[in-house]
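Numbering (UniProt numbering), first residue to last: 1 to 280. For reference, the structure is listed below as structure tokens.
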Amino acid sequence: MPELPEVETVRRGLAEHIVGKKFKKIDVLHPRATSPKSIAALTSLTGARVKAVARRGKFLWFELDRPEVLVGHLGMSGQFVIQPKNAIDERHLRVRFTLGRHELRFIDQRTFGWLGVCEAKDGIPNWVEHIAADPFDPNFDLAKTISRFQSKRTEIKRALLDQGVMSGVGNIYADEALWRSKMHPETRTEKLATKRVAELITNATEVMSEALAVGGTSFDELYINVNGESGYFERSLAVYGQEGEGCPRCGRQIRRITFANRSSHFCPKCQPTPRSNGNR
DNA sequence: ACTAGCACCTGATCGC
DNA sequence: TGCGATCAGGTGCTAG
1 MPELPEVETV
11 RRGLAEHIVG
21 KKFKKIDVLH
31 PRATSPKSIA
41 ALTSLTGARV
51 KAVARRGKFL
61 WFELDRPEVL
71 VGHLGMSGQF
81 VIQPKNAIDE
91 RHLRVRFTLG
101 RHELRFIDQR
111 TFGWLGVCEA
121 KDGIPNWVEH
131 IAADPFDPNF
141 DLAKTISRFQ
151 SKRTEIKRAL
161 LDQGVMSGVG
171 NIYADEALWR
181 SKMHPETRTE
191 KLATKRVAEL
201 ITNATEVMSE
211 ALAVGGTSFD
221 ELYINVNGES
231 GYFERSLAVY
241 GQEGEGCPRC
251 GRQIRRITFA
261 NRSSHFCPKC
271 QPTPRSNGNR
């Protein structure tokens, strides 16, 4: 579910509500909720105080008043919500952090999300090291990112979703960025001019910041912020989930194709099929 | 060293 | 009403 704008919305809510708070009690209610197994590592954070909440791409972490960090990923359906202590348990409640009068709850229907404890080096958790900077990161290196795209031997949509090339983009914003760039999702990366890659990165960054400005994209109750509120970018989507609808630019019917085990939505007129798809 | 494919889950929806 | 197939915002392992 959540891509960079949604995760950043959650991060801001967490920063607002729990920085300075202490984990008075931690209850793990589902074994898959905690990453590399250990429930013990998570519960060992009892008594820790939250100093900051950070993010790279779709990974979140809590900086604490101790050397370890609490790392989290929302997967497809993870949520962090702040609830009064006496609120009834949600159906998919996985971890409860008691803060005082309130609780921080980690809820996750599909259990692809996880929380875990690890060490950090230079402010980056070990488990996040393999993730490239996202375009909102002050350390984002545009030239290096472009050459990582160009050194791939695959379709551009796969490269956009590769969090080791550039992080933050998921299936929604990949399709939206490709539409804005008038680029077919199956365009081969090795054929792309530097200028085209730069345009694509700019468009991905712009569509994500527009989404962030309205709290992200919510199709249903699976994505909400820490206060349980939805985002409003769904109404601004040009192609994602718009199969059969008219392209906002030319009116042609939006198509959906499946590859890499997921759907890609595009306008067949604005984003024509690349003339040669490699050598077949 | 790479890339593509699939596994990991729960739940909603659609066609028969 | 029921049942199987398909789909859903992501990541990581592993077989080539």
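Virtual Cβ for every residue (Gly too), placed ideally from N, Cα, C.
Original post:
Roughly how many angstroms separate the alpha carbons of M76 and P2, rounded to a whole number?
Top reply: For the purposes of this step, residue 76 is identified with residue 76 of the first sequence, where counting begins at 1. For the purposes of this step, residue 2 is identified with residue 2 of the first sequence, where counting begins at 1. Looking at the two C-alpha atoms, the distance is approximately 6 Å.
**OP:** Indicate the three-state DSSP secondary structure (helix, strand or coil) for E129 in the structure shown.
**Re:** In the first sequence, the residue the question calls residue 129 occupies position 129. Of the three classes helix, strand and coil, the one that applies to E129 here is coil, per DSSP.
Subject >> Three-state class that DSSP yields for F219 in the structure shown >> reply: Counting from 1 along the first sequence, the entry for residue 219 is found at position 219. For F219, the three-state secondary structure derived from DSSP is coil.
**OP:** Mind listing, in chain order, the continuous beta strand (DSSP E) runs of no fewer than 3 residues lying wholly within the stretch 197–258?
**Re:** none
Original post:
Smallest Cα separation from M183: which of T273, K58 and R235?
Top reply: Within the first sequence, the letter at position 183 stands for residue 183. Closest by alpha carbon: T273.
Subject >> Buried/exposed call for C227, threshold 16 Cβ in 10 Å >> reply: Mapped onto the first sequence, residue 227 falls at position 227. Note that residue 227 is Asn in the sequence shown here, rather than Cys. Taking every protein chain shown into account, the CB of N227 has fewer than 16 other CB atoms within 10 angstroms, so this residue is exposed.
Subject >> The alpha helix (DSSP H) enclosing V149, as first and last residue numbers >> reply: As a position in the first sequence, residue 149 is number 149, starting the count at 1. Checking the sequence, you will find Phe at residue 149 rather than Val. Segment L142 to S151, the alpha helix (DSSP H) holding F149.
Original post:
Taking Cβ positions, are R235 and N171 nearer each other than 7 Å?
Top reply: As a first step, residue 235 must be located in the first sequence, where it is residue number 235. As a first step, residue 171 must be located in the first sequence, where it is residue number 171. No. Outside cutoff.
Subject >> Nearest-angstrom Cα separation, counted from V81 out to I88 >> reply: Your numbering for residue 88 matches position 88 in the first sequence. Your numbering for residue 81 matches position 81 in the first sequence. The straight-line gap from Cα to Cα measures roughly 13 Å.
Original post:
Hey, is G13 close to the ligand COA, as in C-beta under 6 Å from one of its heavy atoms?
Top reply: Summarising the ligand content, the structure contains no ligands, and the ligand COA is consequently not present.
Original post:
Do T202 and I156 come within 7 Å of each other at the CB atom, strictly closer than that value?
Top reply: Taking the first sequence and counting its residues from 1, the one referred to as residue 156 is at position 156. Taking the first sequence and counting its residues from 1, the one referred to as residue 202 is at position 202. Not closer than 7 Å, so no.
Original post:
Whose C-alpha, out of F106, R110, K85 and H92, is nearest the C-alpha of residue 281?
Top reply: As shown, the chain starts at 1 and ends at 280. That puts residue 281 outside it, with no answer to give.
Original post:
Roughly how many angstroms separate the alpha carbons of E186 and L74, rounded to a whole number?
Top reply: Start at 1 with the first residue of the first sequence, and residue 186 comes out as number 186. Start at 1 with the first residue of the first sequence, and residue 74 comes out as number 74. Computed Cα separation, rounded: 28 Å.
Subject >> Whole-Å CB distance - A133 paired with N139, under 8 Å assumed >> reply: Walking along the first sequence from the start, residue 133 turns up at place 133. Walking along the first sequence from the start, residue 139 turns up at place 139. Sure, about 5 Å apart at Cβ, within 8 Å.
**OP:** For K24, collect the residues of the same chain with a Cβ closer than 6 Å to its Cβ; drop the 5 residues on either side in sequence, then sort them by chain order.
**Re:** Counted from its first residue, the first sequence places residue 24 at position 24. These residues qualify, in order along the chain: T98.
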